[in-house]
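Everything below concerns the one structure shown next.
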Amino acid sequence: MSDGTRAAVLGSPIAHSLSPVLHRAAYAELGLTDWTYGRFEVDEAALPGFLAGLAESGERWAGLSLTMPLKRAVIPLLDEISDTASAVEAVNTLVLTEDGRRVGDNTDIPGMVAALRERGVGRVGSAAVLGAGATASSALAALAQICDGEVTAYVRSETRAAEMRQWGERLGVAVRTAEWKDAAEALTAPLVISTTPAGTADALAAAVPQRPGTLFDVLYDPWPTALSSAWAGRGGAVVGGLDLLVHQAVLQVELMTGRGPAPLAAMRAAGEAALHRS
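So in our numbering, spot 14 of the sequence shown is number 18, and the numbers just go up one at a time.
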């Protein structure tokens, strides 16, 4: 049994996760020498047993970071869920309280807002979203806070289009959907959020306008993407996946440790170094 406090990231696959690098850098800066942060391969079927095992271990667990495919699967296992996480039915942060309760939260959404604010994007009149997966719903939730007008979502199927419109209604965002074949039109928006898997948006690089606005590309490996390179080459502002990863991790550290502010600069430097090594 450990005398220290433990935290970890769970998901499947999980070997690529940068979360241990970021959280450990924060612990070092905050002087939390008895804190450790691990990484565990856990899928939906194994999650209930894993959580039960923590309670039985006798060790002090402060919290867990959750990645795919656990962000929705964990919800029935919680004692409490924040309004933010409930709004998008996605929990990426599980705080384990001293009295044994499981509290779910979502730091992706405020992390997106903070990453944009850091690059000078406080409010926009309209925006475009590329893709319609789980990250796209978080993007809509972030846009609900900063976008004054319509959001156009470019998707591959009518099923996905209907889902995005439903998310818009739920989150209070005016969402218009368009077909993926017209995705180049998205690039004229003042803010473009690309939530697609690696390689999906590469073909759009040739369509970047002469004076682009801001691109938020949620990928961080490989980086830069073809789209982000072309965007920066035209003088547009680029917010990357590492920006999102660091800002959401800052909030996780503060929630789990009760200490703040978390050391943003040290966490980003650690993440950049790890990506450079890979």
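Backbone N, C-alpha and C define an ideal beta-carbon position, used for all residues, glycine too.
Beta bridge counterpart(s) of residue i as assigned by DSSP
i	result
D221	S198
D109	T97
V13	R43, S69
V117	Answer is none; V117 lacks a bridge partner.
V155	A131, V179
CB contact flag (residue i, residue j, <8 Å)
i	j	result
S21	T71	yes
D83	V107	yes
G15	L74	yes
L283	A131	Summary: the structure shown does not reach residue 283, with the chain confined to residues 5 through 282, and so no result is reported for it.
W184	L144	no
L248	A119	yes
I150	G126	yes
Assigned secondary structure, residue i (DSSP; H/G/I helix, E/B strand, else coil)
i	result
A241	strand
T181	strand
A131	strand
A277	helix
T192	helix
G203	coil
W227	coil
G172	helix
L246	helix
A166	helix
I18	coil
R160	coil
R263	coil
R272	helix
Residue i versus residue j - alpha carbon distance
i	j	result
D38	G239	45 Å
R10	E258	14 Å
E63	D7	7 Å
M271	H27	7 Å
A29	W227	21 Å
F220	V25	23 Å
S232	A59	44 Å
V250	A77	24 Å
E276	L246	8 Å
T218	V242	6 Å
Within-8 Å CB hit, residue i to chain D
i	result
Q256	Note that chain D does not occur in the displayed structure, where there is just one protein chain.
Counting only runs that start and end within the region 27-103, where is the alpha helix (DSSP H) found for 4 or more residues in a row? Taken in chain order, the complete alpha helix (DSSP H) segments of 4 or more residues contained in the region 27-103 are 51-61, 74-77, 87-92.
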